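Below is one structure, written out as structure tokens; the observations come after it.
2 protein chains.
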Amino acid sequence: MRFRIFAGLTLSLMGLAAPQFARAEYAVKEVGSFYIGGQEQAVSGQPISEIATTPGMRPFRYDPNGEFEVGQMYVQYVRQARPRSPLPLLMWHGGGLTGVTWETKPDGKPGWQQYFLNAGYDVYVSDSVERGRASWSRLYDGPPIFRTKKEGWELFRIGPPDSYSADAAKRASYPGVQFPKEDFDQFTKEFTPRWLTNDARSIAAYQQLVDKVCPCIVVVHSQGGFFGYNAALNNPEKIKALVLVEPSGAPDPAKIEVAKLKSVPMLAIWGDNIKGHPLWQNFAAPSARLREAVQVSGGTFDWVSLPDAGMTGNTHMMMMDKNSDQIADLVRDWLTKHGL
Amino acid sequence: MRFRIFAGLTLSLMGLAAPQFARAEYAVKEVGSFYIGGQEQAVSGQPISEIATTPGMRPFRYDPNGEFEVGQMYVQYVRQARPRSPLPLLMWHGGGLTGVTWETKPDGKPGWQQYFLNAGYDVYVSDSVERGRASWSRLYDGPPIFRTKKEGWELFRIGPPDSYSADAAKRASYPGVQFPKEDFDQFTKEFTPRWLTNDARSIAAYQQLVDKVCPCIVVVHSQGGFFGYNAALNNPEKIKALVLVEPSGAPDPAKIEVAKLKSVPMLAIWGDNIKGHPLWQNFAAPSARLREAVQVSGGTFDWVSLPDAGMTGNTHMMMMDKNSDQIADLVRDWLTKHGL
């Protein structure tokens, strides 16, 4: 059973055929990382104290005043000895999350980082400003927000609004949900505090990342959609394709030069249970408006609603869903169609 | 020129000979990660508000009250298709730092993670509780401390006490220092806030890590020394060797069963400029006392002061120093001597 999704492209669904490119191993030249973006800022006027950091150690003088780096991003890469694609694939996570989004899934099975390594791409996974290994600073404006388990369960559409229970056994999920819900608590260990004031810092750091490692393919998730659209607008010659997994926002086409996006093929993928979900209709609307404008200007913006294509039960965290490989197949087929 | 450091072991210094095991590539089976440790805790009584997280998105209701995971650790692994060692090598970072300690150095050259992958080990690099991808929580006791650039420069012995200047051009370093000091600001992007109250959580998470992936070799740095000694005491049958890079603390031999450590070969490595440095004499003293007790009990605790072995200028961050490969050679030679 095969479904026709894009013009000229067929998609094999639900593991009916093992992907031809799957490999049991790949030759790696280097696993490495770097920091990019950020700048120095100073703190002053804080009290000095005596502290001991390790048991059995004598206290020492702690002066919290001085210079710090703020606004940097962390990027980890796996460079293959013989990549099959000349372009690296960059993976940008969503809000309140880190690059771990793309790694091993909460159920312990391989995620999209490993999938695209197996498929032969050099893969760059970043932790954006303030998240994960990018570290965080007292100097970011305002208190951070913290995602509860309830918010994660409902916002990511594992279950409908008000379906979460503190008692894991009582949590209601959407019928046939693809998220490995028995591993939901494990998943929430990835949640990271989030400021609402660091967009400018993040945009600057992503721009430096594009300057450093592109031309490239960019795959974004959720809040990363905003940064991905922005990067494509500012670097249409360097971003050879933009894959958007449920982008939660998009620039207003009336306020940007939409024609700049003509040379950047785009693909947005949406999971199940968005219809009739006001919050998610809201999140999807800006991307739908931008898509229309891009298509009018002659650009390519493909749009896949997974349930319309016969794949049901997918959540906002579809790269962690049980059928994540099939969704990755879809992305890879689309990249192949675009010669990437 | 070769120096005899351990009985029956010679060490090639300063790149006089390329290590025989260096490889341009290695076959990888899986790059992956997992969270371990931690537990659920609830927050209540905080005010509800309306927020927008992405430009162009309508505000939504933010309720910060609910359940969260706290106390977890993040572990990333690279599993080889054909590892040369049956034992994985675990790398545990120091205080105010993350697993990035072991990755690419601030000067962009490969660090110890890549060295030991090239040498044929499966390598597990963790971010301990509260650091990096392990995330952090409002529920940790007390405010975190923040490491200034000055503290990093002086505590890590890039320069002597009071040698730091906010003006990078005016920073005085030790003569012949091996740290790539022109990349010091880049290095400080790795610094991460640190609580003084999470030792019990960290010990619990490290124990779960040992339960999950050992028997193994453990390589620790600085604050990680405390966790490494502790893990060896509690799992002497599973930790087949413990390599300590400038451990900043150690258990009091009078308060532990030192004989338990008899089966765990240990190696401590110390850089330059510790003699005459009161703070560092203090840090080294507990390990020196433990070493004496271990040796009396018939155990193996080797001790290398790099300047005494002819390698000068090394800092507390010796895995980032220009001659980091030579120090890694020393570690590898020692592991080889112990059949690992």
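Protein chains in written order, with my numbering: chain A, 1 to 340; chain B, 1 to 340.
We put the CB at the ideal spot given by N, CA and C, even for glycine.
Note that the coordinates shown come from a computational prediction; the quantities given were computed from them, not determined experimentally.
Extract the residue ranges of the beta strand (DSSP E) inside the stretch 111 to 187 of chain A, only unbroken runs of 3 or more that lie entirely within it.
123 to 127
S248 of chain A, enclosing beta strand (DSSP E) - first and last residue:
Within the first sequence, numbered from 1, the residue matching residue 248 of chain A stands at position 248. That residue, S248 of chain A, is in no beta strand (DSSP E); it is neither H nor E in DSSP.
Of the listed residues B:F146, B:L89, B:R131 and B:G108, nearest to D122 of chain B (C-alpha basis)
The residue you call residue 122 of chain B lines up with position 122 of the second sequence. Minimum Cα distance to D122 of chain B is reached at B:L89.
Taking Cβ to Cβ, would you say A37 of chain A is nearer than 9 Å to M91 of chain A?
Counted from its first residue, the first sequence places residue 37 of chain A at position 37. Counted from its first residue, the first sequence places residue 91 of chain A at position 91. Here residue 37 of chain A turns out to be Gly, not Ala, going by the sequence shown. Contact: no.
The beta strand (DSSP E) that contains G66 of chain B, what's its start and end?
For the purposes of this step, residue 66 of chain B is taken as the residue at position 66 of the second sequence. Note, G66 of chain B: beta strand (DSSP E), G66 to Q80.
Throw me the rounded Cβ distance for the C214 of chain A and N234 of chain A pair, which I believe falls under 8 Å.
On the first sequence, residue 214 of chain A is found 214 positions in, with the first residue counted as 1. On the first sequence, residue 234 of chain A is found 234 positions in, with the first residue counted as 1. Going by Cβ atoms, the distance from C214 of chain A to N234 of chain A rounds to 11 Å, so no, they are not a contact pair.
Apart from the five residues just before and just after P83 of chain A, which ones in its own chain have a Cβ nearer than 7 Å to its Cβ?
In the first sequence, the residue the question calls residue 83 of chain A occupies position 83. Cβ neighbours of P83 of chain A beyond the five flanking positions: G120, Y121 and D122.
D63 of chain A versus chain B: which residues are under 8 Å apart at the beta carbon?
As a working mapping, residue 63 of chain A is identified with position 63 in the first sequence. Chain B residues near D63 of chain A: T148, K150 and E151.
If we define contact as Cβ-Cβ less than 9 Å, is F68 of chain B a contact residue for chain A?
As a working mapping, residue 68 of chain B is identified with position 68 in the second sequence. Answer yes: the Cβ-Cβ gap between F68 of chain B and chain A drops below 9 Å somewhere.
Using the Cα positions of A254 of chain A and L279 of chain A, report the straight-line distance between them to the nearest angstrom.
Here residue 254 of chain A refers to the residue found at position 254 when the first sequence is read from its first residue. Here residue 279 of chain A refers to the residue found at position 279 when the first sequence is read from its first residue. Near 23 Å, if we compare the C-alpha coordinates of L279 of chain A and A254 of chain A.
What do you reckon, are the CB atoms on P110 of chain B and P144 of chain B nearer than 9 Å?
In the second sequence, residue 110 of chain B corresponds to position 110, counting from 1. In the second sequence, residue 144 of chain B corresponds to position 144, counting from 1. Not a contact, by the Cβ cut-off of 9 Å.
Could you tell me whether any Cβ in chain A is nearer than 9 Å to the Cβ of K189 of chain B?
Residue mapping note: residue 189 of chain B aligns to position 189 of the second sequence, counting from 1. Closer than 9 Å: yes.
Going by beta-carbon coordinates alone, are V28 of chain A and S137 of chain A separated by less than 9 Å?
In the first sequence, counting from the first residue as 1, residue 28 of chain A sits at position 28. In the first sequence, counting from the first residue as 1, residue 137 of chain A sits at position 137. Contact: no.
Span of the alpha helix (DSSP H) holding D302 of chain B?
As a position in the second sequence, residue 302 of chain B is number 302, starting the count at 1. It is not in any alpha helix (DSSP H) - D302 of chain B instead sits in the beta strand (DSSP E) that spans F301 to S305.
Integer Cβ distance of P265 of chain A from A284 of chain A, believed to fall under 8 Å
Here the question's residue 265 of chain A lines up with position 265 in the first sequence. Here the question's residue 284 of chain A lines up with position 284 in the first sequence. That pair is no contact at about 20 Å.
Which residues in the same chain as F116 of chain A place their Cβ atom closer than 6 Å to its Cβ, once the five residues preceding and following it in sequence are excluded?
What you label residue 116 of chain A is simply residue 116 of the first sequence in a count that begins at 1. Excluding positions up to five away in sequence, the list reads L89 and V123.
Out of B:K170, B:N282, B:S44 and B:A169, point me to the one whose CA is closest to P59 of chain A's CA.
What you label residue 59 of chain A is simply residue 59 of the first sequence in a count that begins at 1. Considering only alpha carbons, the answer is B:N282.
Where does the unbroken alpha helix (DSSP H) through E335 of chain A begin, and where does it stop?
Position 335 of the first sequence, counted from the start, is the residue given in the question as residue 335 of chain A. Here residue 335 of chain A is Leu; the residue named in the question, Glu, does not match the sequence. Run containing L335 of chain A: S324 to K337, per the alpha helix (DSSP H) assignment.
Top-ranked residue by Cα proximity to K238 of chain B, from B:N230, B:V245 and B:L244:
Against the second sequence, residue 238 of chain B aligns to sequence position 238. Minimum Cα distance to K238 of chain B is reached at B:N230.
Buried or exposed for I327 of chain A, please, with buried defined as at least 16 other CB atoms from any protein chain shown within 10 angstroms of its CB.
Taking the first sequence and counting its residues from 1, one reaches residue 327 of chain A at position 327. Counting Cβ neighbours within 10 Å, I327 of chain A comes out buried, since at least 16 surround it.
Does any CB atom of chain B fall closer than 9 Å to the CB of G99 of chain A?
Position 99 of the first sequence, counting from 1, holds the residue named residue 99 of chain A. Closer than 9 Å: yes.
Please state the DSSP three-state secondary structure of I203 of chain A.
To locate residue 203 of chain A, count along the first sequence from 1; it is residue 203. It is helical.
Less than 8 Å between the CB atoms is what I'm expecting for F146 of chain A and F68 of chain B, so what's the real figure, rounded?
The count along the first sequence starts at 1 and reaches residue 146 of chain A at position 146. The count along the second sequence starts at 1 and reaches residue 68 of chain B at position 68. Correct: roughly 7 Å between the Cβ atoms.
G132 of chain B and V177 of chain B: beta carbons closer than 9 Å?
Along the second sequence, read from residue 1 onward, the residue named residue 132 of chain B stands at position 132. Along the second sequence, read from residue 1 onward, the residue named residue 177 of chain B stands at position 177. Taking 9 Å as the Cβ cut-off, G132 of chain B and V177 of chain B do not qualify as a contacting pair.
Taking E40 of chain B as the query, report the chain A residues whose CB atoms sit under 9 Å from its CB, ordered along the chain.
The sequence position of residue 40 of chain B within the second sequence is 40, counting from 1. Near E40 of chain B (Cβ distances below 9 Å), the residues of chain A are K149, A166, D185 and T188.
Buried versus exposed, by CB contacts within 10 Å (16 or more), S324 of chain A
If you number the first sequence from 1, residue 324 of chain A lands on position 324. By the 10 Å Cβ count, S324 of chain A comes out buried.
What three-state label does DSSP hand F191 of chain B in the structure shown?
By 1-based counting over the second sequence, the position of residue 191 of chain B is 191. Looking at F191 of chain B - three-state DSSP - the assignment turns out to be coil, as it is neither helix nor strand.
To the nearest whole angstrom, what separates the beta carbons of S222 of chain B and G313 of chain B, a pair I think is in contact under 8 Å?
As a first step, residue 222 of chain B is located in the second sequence; it is residue number 222 there, counting from the start. As a first step, residue 313 of chain B is located in the second sequence; it is residue number 313 there, counting from the start. At roughly 18 Å, the Cβ-Cβ gap does not stay under 8 Å, so S222 of chain B and G313 of chain B are not in contact.
Let me confirm a value: G276 of chain B is counted as buried when at least 16 other C-beta atoms fall within 10 Å, else exposed. Which label applies?
Numbered from its first residue, the second sequence carries residue 276 of chain B at position 276. G276 of chain B is exposed by the Cβ-count criterion.
Classify D127 of chain B as buried or exposed, calling it buried when 16 or more other Cβ atoms lie within 10 Å of its own Cβ.
Your numbering for residue 127 of chain B matches position 127 in the second sequence. Looking at its Cβ environment, which holds 16 or more other Cβ atoms inside 10 Å, D127 of chain B is buried.
Taking P64 of chain B as the reference, give the member of B:S49, B:V78 and B:T53 with the closest Cα.
Translated into the one-based positions of the second sequence, residue 64 of chain B becomes position 64. Nearest of B:S49, B:V78 and B:T53 to P64 of chain B, Cα basis: B:S49.
When DSSP labels each residue in this structure, what does M320 of chain B get in the three-state scheme?
In the second sequence, counting from the first residue as 1, residue 320 of chain B sits at position 320. M320 of chain B: coil per DSSP, three-state reduction.
So, is the C-beta of P180 of chain B closer than 9 Å to a C-beta in chain A?
Against the second sequence, residue 180 of chain B aligns to sequence position 180. Cβ-Cβ to chain A under 9 Å: no for P180 of chain B.
Does DSSP put A268 of chain A in a helix, a strand or coil?
Position 268 of the first sequence, counted from the first residue, corresponds to residue 268 of chain A. Strand.
Would you mind telling me which residues of chain A sit closer than 8 Å to K29 of chain B, beta carbon to beta carbon, in chain order?
As a first step, residue 29 of chain B must be located in the second sequence, where it is residue number 29. Within 8 Å Cβ-Cβ: A24 and E25.
So G108 of chain A contacts chain B; which residues on that side make the cut at Cβ distance below 9 Å?
For this step, residue 108 of chain A is matched to residue 108 along the first sequence. Within chain B, the residues near G108 of chain A are G32 and F34.
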